[in-house]
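Protein chains in written order, with numbering that gives the first Met the number 0: chain A, 0 to 315; chain B, 0 to 344; chain C, 0 to 343.
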Amino acid sequence: MTGFITRRLASAVLLLFATSVVVFGIFEVIPSYNPARAIAGRAATAATVAEISQKFGFDKPVWIQYGNTMKLIFTGQIIDYQDNLNVVSQFVHRFSVTLSLVVPAAIIWMAVAILLGSISALRAGGWLDRGLMVAAITGVSIPVFLLAAALLYLFAFRLPWFPNTGYTPFGTDPAQWAYHLVLPWLSIAVLSIGFYSRVLRSNALDVINQDFVRTARAKGLTERQVFTRHVLRNALMPIVTLFGLDFATLLGGAALVTETVFNLPGIGQYEATAIGQLDVPPIMVGAMFTAFFVVLFSALSDVVYALLDPRIRITG
Amino acid sequence: MALDSPEGGAAGIIVSAAPSDLSPEGRQPAAIGPWQLALRRLRRNYVTLFFLALLVILVLMCLLAPVYSAHIAGVGPNTNNITGTVSVNGTQQNIVSLSGVPIGPTWGAHYLLGADTNGRDLAVRLLYGGRTSLLIGAVATAVIMILGTLVGLLAGYFRGVVDFILRPLMELIWSFPVVILGVALGTALALGGIGPVKGNSLFIPAFIIGVVYVPYLGKPIRGEVLRLREQDFIDAARVQGMGPWRIMFSEILPNVSTTIIVFLPLILANSILLEAYLSFLGAGVQAPNASWGTLISDGLTYIQTTPTYSLIPGAMLVLTVLSVNVVGDGVRDALDPRAQVRVRN
Amino acid sequence: MSEQLLEIEDLEVSFATEDGVLRAVSGVSFTVSRGETVAIVGESGSGKSVTVMTLMGLTRSPNARFAGTARLNGVDLISASEDKLEAIRGKEIAMIFQDPISALSPVHRVGAQIAEQIRAHEKISKAAALDRAIELMGRVGIPNARARARSYPHEFSGGMRQRVMIAMALSLSPSVLIADEPTTALDVTIQAQILDEIRQLTAESDTGVIFVTHDLGVVADIADRVLVMYAGRLVEQGTVDEIFYDPQHPYTWGLLGSVPRVDLEPPRRLPAIPGAPPSLVRPPEGCPFQPRCPHAFDRCRELPPLAPRLPDAGHLDRCWLTPDDKRVLRETGGRIGLTEGAAS
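This is the structure in C-alpha cells:
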C-alpha cells in the first residue's frame, strides 16, 4: 500500500510540473503576447512598459521567469496581471462557490443516471428503453453553453420562475442558495445524465448475459436482487473511473461556462476571465489546481475499484 | 399454450426418392460474413436510417451555402449593410435600427433569419458557418483517427521506450482540463498564428481539437493492442517471419477496426461540439469567419429581443450532433447487438 | 417403482431470431424418479441444454415460446409465474453449470455465495447461513473450509470451484439436481472425483439427477437411464444397459461407434458420423437424422413416433427399421457403429 501511495505522489508531482511547464510554454509561443503591455494598459508609454517589464521580471530569460512564477505560486504570493489580486487567495475564496455548484450537481446526475440506466437495461428493447435512450442521446448532443443560455432565457426571462443570476452563500440563506443554483445544476446535470445513463445501460447489458448472473437466477434470487447485487455492482465499476476524472476537472473549474452565464463567482469564472485576458498566473494556478484533483481522484477511484473487484489488488 | 406459427411456414426439405441425392446438411441458412450481417442489421434500423438521411440533408444544405448566397439571398456572408433596408410584407424596414438593434427574421428570401449588428444576412452566415463547423469537425476527426490509431498501435505493440513516452503524454493531455488546454491554445494561436499559418486560419481550431482528443481514441486502441499482441495468432505471424510493421498493419489493425469504426461517430460529434465551445469563447474560429459557435455567442446579447439569433444556430448544431450520435449508436448496435430481438408476429 | 419427481410432457421451445423461428426443442417427454440419474446425451445444438435450462426457467425471454408441461411436485414449471419460479429455483430444483469460473460471481466470497443461496429461501441470519455453508463445503470435500469460505472464486482450482457449485446447489436439499456438463471443463482426473462426489451426495439424499453430457464414458459411469437427443428431438430412451448393449437408433450407433475402443483392432479411420446437424430454423420434414443416415429408406419421409418397438416398454426409439433389421445393420466390423462396412 505504501508503494502505491509513493507512486501516486511521485506521479502527482510530475503531473503538476508538466502541467505548469505546458501552460507556461503555450504563452511563450505567442509572438504578440506582451504581458507588460497588457498590464500597463492601452495608453501607456514605452517607459512605463519597460518599467513594468523589469518589475515583473519579463525581461529575464524564460526559465528564470518560470522559476520565479513557480516560487511565487508555492509561497502563495502570486498575483494576477489584470487586477493585482492574489491568485491563490482568489482560488481559496471562490472554491466554495464552485463546490456548491459541482457537488450537488454530481449527486443529482449520478442518482438519476443510475436510475435511468438501470431501467433501460432491465427493459432493454422496449419502448421505455428507447424513449430514455433518445432523451439521453439528446442530452449528450446539447453543448453546455447553449443549454445554460436556453435555460436562462426560458426559465428566468420568459417564465420568471428562477432568478437571473447571482449567488447567495449557504450560510446566509440556504433556501436562496438552492434557488439560485437550480438552473446551473440542471445545466451541468443534463449532459452528464445523458452520458452516464448510456454507459451504465451498456455495461449492465454486458453483465446481464454473463454466466454468473444466470447462476444467481438459478439460485432463486428475485430479479431485483439479481440486478442490484450482481449486475449493478459489476456494471458500476468502470463508471467509477470515468466519474473520478469528470468530477476532478469540474472541481478545477471546468464548469466555467455555467459559472459565467449564471454569474456565479466561482473558480471557473475567474479562469474564464483570465483566459480571455491572457492573464497567465490564474491560468497556471488553475491548471495545476485541476491537475492536483485529477491525481487525487484517479488514486481514489483506483482504490474504490480495487475494493469492488477482488481480482485487482493494489500493487506498489 | 400454443406455439406461434413459424415464420413463413416450415419449408423443409422435399425428400426425393433416393435419399442419397440429398446434401447431408439439409438446407442451411446462407453463409454471411460479419460485415454483411452488420449492414443488414443497419438497414433494418429505421431510426438510424432516418437520422442518417437528416444528417445528409444538413450537410448538403451547408455545402450549398454559396448557391443560397448567390441565388436566393443575393449577398455573401461578410457583406456589411448597416444602413440598408429590406422589404418585409410590403414595407421597407431598416436592416439595423437606429439604436443598433438588428432586424429579426423576415421569412423572406432576403434576410430570411434576420441580420446581425453589421447588417449581414444571418441565414447566409448560418449556412457558411455550418460549413466551417463541419469542415473543422471533419478535419479534426481525420487527424484524431489517424494519429490516435497510430499512437495506440505503436504504444501497444512496441511497448518499452515508445510506450514509456507515449503513454504519459496521452495521460497528460487527457488529464489536462480540455477547457484550459483548448482555450489557452486557441487564444494563444489565434493571436499570433504558428509558423506560416495565420492566426485566423481554420486549421488552428482543427489542429487544437485534434491534439486534445487524440487520447480519446489512442488509449482504448492501445489497450486493445496490448490485449491482442498476447494472442496466439501474433506468435504465429512472428514465427512466419513477419516484421513488426507488417504484423501491426496486416494482423492487428484489422482486428481493432471495429473499435475504430465505433469511435468514429463519437469523435466526430465531440469534435463539432468542442469547436462550437471554443468558438463560443472566442478561442476557436476567428472573425470574419463564422461558425455555429460564434453565431450563438454573437446572438446571446440579443437573446431577449431576438432569441432566434442564438437559438437557430443552436438548433442546427444540436440536430447535427444528435444525428451523428444516433447514427453512431446504430452502427455500434449493428456491429454488436445486445438488446434482445423482438418477436415479429 | 420409486416416486416420480419430475414429469415432462411434450415440451417444445422455440426462439425468434433474425433468420426465422428456431425450434430448439420439439416434443420431448420423460420422467425423473427419486434416486434416479437420467443422462441426456447429444451433440452441441441437439437441444439438451435448452431443455434443462427451460426446466429452471432460464430460457424465458421476449423472443421465446413454450409449449408442453413439466410438473415438479405438482407445479408446472413451464407455465408458472416468475414469482412462483423464484421460490422453486434453488430450493426444489437446482443446477450446476459447465464452467465454474464464469458461473460463480467473481466479486463475492465463496462462502457468502453459498450463504446467499440459503438465505434466498430461508429466513436465517447471515452468520447462521455462513455456518451452514462452511459445513456444506466440508461435506463436498473442500479442506480447511472455514478459512477457504473467505476466498474468492479465482483463488480456487477448477475442481474446487465445481465442488463449491455442488455445495451451493445441494444446500437446500432439492428434489432434482440438474448437472449441465459439469465435468467438461475439468481435467480427466478431477472429472472422476467430481462424478464420485455427485454420485455420493445424491445417493445420500435420494435426489433425482438429470446429467447433461456429450461424453459416453461419463454416461456409462453414472447413469441409470439415458435419453439421446438429436436436432431438438428425443430419438432414443432406455436404461443404460439397453442403450449401450441394444441400441435401437442409428444415431446412437453412430455415437457409440465413434468412441475409440482399446480392446479392439484400431480402425483405419476414426469413425465419425458424416455430415452436420440440420438447421433448426428450417428443419427437414420427416426423421431429423434421415439426411445423414446410411440406412434411410422412403418411409423415413414421415417422422417416426417415439415408441417402444421391443417387448420392453421402457425402451423407446424413433426409427422405422424393424428390430431385426436394426440388429443386423448396426454391426460393422465386429462392433456397433453407423457406417456400412466400416473398415476394421
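Cβ atoms here follow ideal geometry from the backbone N, Cα and C, with glycine treated the same way. Please read these numbers as outputs of a predicted model, since none were measured by experiment.
Annotated as proximal: Leu194 (chain C) and Val217 (chain C), with beta-carbon spacing under 8 Å. Less than 8 Å separates the beta-carbon of Val234 (chain C) from that of Phe288 (chain C).
Going by beta carbons, Gly151 (chain B) and Arg228 (chain B) fall outside the 8 Å limit. Fewer than three Cβ pairs drawn from the segment 182 to 195 of chain A and the segment 32 to 52 of chain C lie within less than 8 Å of each other, which leaves the two stretches out of contact. Cβ contact annotation for Leu188 (chain B) (same chain, cutoff 6 Å, sequence separation greater than five): Ile203, in chain order. A residue is called buried once 16 or more other Cβ atoms fall within 10 Å of its Cβ, and Tyr80 (chain A) is buried on that count. Assigned with DSSP and collapsed to three states, Ala253 (chain A) falls in helix. Chain order gives no chain A residues near Val218 (chain C), where near means a beta carbon separation below 9 Å; the closest approach is about 23 Å. Taking C-beta separations shorter than 8 Å and ignoring five residues to either side along the sequence, the partners of Leu190 (chain A) in its chain run Gly138, Val139, Ile141, Val143 and Leu146, following chain order.
Proximity of chain A to Arg88 (chain C) at the Cβ level (cut-off 9 Å) is accounted for by Arg216, Ala217, Lys218, Gly219 and Leu220, in chain order.
A check of alpha carbon separations from Pro293 (chain C) across C:Pro99, C:Ile95, C:His248 and C:Leu57 identifies C:His248 as the nearest. In this chain, the alpha helix (DSSP H) harbouring Glu223 (chain B) covers Phe202 to Leu227. Counting only Cβ-Cβ distances below 7 Å, Gly251 (chain A) has contacts in chain B at Pro176, in chain order. Residue pairing by DSSP places Leu315 (chain C) opposite C:Gln236 and C:Pro307 in a beta bridge. Nearest to Phe65 (chain C) by alpha-carbon distance, out of C:Arg308, C:Gly73 and C:Val24, is C:Val24. Taking a C-beta distance under 8 Å as the contact criterion, Ser150 (chain C) and Val175 (chain C) do not qualify as a contact pair. Here DSSP, grouped into helix, strand and coil, assigns Asp245 (chain A) to helix.
Put simply, the CB of Ile141 (chain A) is near chain B, with a gap under 8 Å to one of its CB atoms. Residue range Leu121 to Phe157 is occupied by the alpha helix (DSSP H) that includes Gly136 (chain B).
Taking 8 Å as the threshold, the shortest C-beta distance from Gly130 (chain A) to chain B does not fall below it. Only those residues of the segment 46 to 57 of chain C whose C-beta falls short of 7 Å from the nearest C-beta of chain A are listed: Met55 and Leu57.
Check the Cα spacing between Leu263 (chain B) and each of B:Trp244, B:Leu299, B:Val325 and B:Gly159: the tightest is with B:Val325.
According to the DSSP assignment, Leu10 (chain C) belongs to no alpha helix (DSSP H) but to the beta strand (DSSP E) extending over Gln3 to Thr16.
Taken through DSSP and simplified to helix, strand or coil, Ala119 (chain C) comes out as coil. Just measuring C-alpha positions, the residue of A:Thr44, A:Ala112 and A:Pro237 sitting nearest Ser196 (chain A) is A:Ala112. Of the other Cβ atoms in all chains shown, 16 or more fall within 10 Å of the Cβ of Trp252 (chain C); this residue is therefore buried. Considered as a whole, the segment 141 to 167 of chain A harbours 143 to 151 as its complete alpha helix (DSSP H) runs of no fewer than 4 residues, in chain order.
In the three-state scheme derived from DSSP, where H, G and I count as helix and E and B as strand, Gly267 (chain A) is classed as helix. Around the beta carbon of Pro253 (chain B), fewer than 16 other beta carbons sit within 10 angstroms, so the residue counts as exposed. Under DSSP, the beta-bridge partners assigned to Met228 (chain C) are C:Leu233.
With 16 or more other CB atoms across the displayed protein chains lying within 10 angstroms of its CB, Gln97 (chain C) is buried. In the structure shown, Gln53 (chain A) falls within a helical segment according to DSSP collapsed to helix, strand and coil.
Rounded to the nearest whole angstrom, the C-alpha separation of Met60 (chain B) and Trp106 (chain B) is 17 Å. The alpha-carbon separation between Phe292 (chain A) and Ala11 (chain A) amounts to approximately 9 Å. Contact between the segment 297 to 304 of chain A and the segment 118 to 131 of chain A is absent, with fewer than three C-beta pairs closer than 8 Å. Excluding residues up to 5 positions away in sequence, Leu194 lie with their Cβ nearer than 7 Å to the Cβ of Asp220 (chain C) in the same chain.
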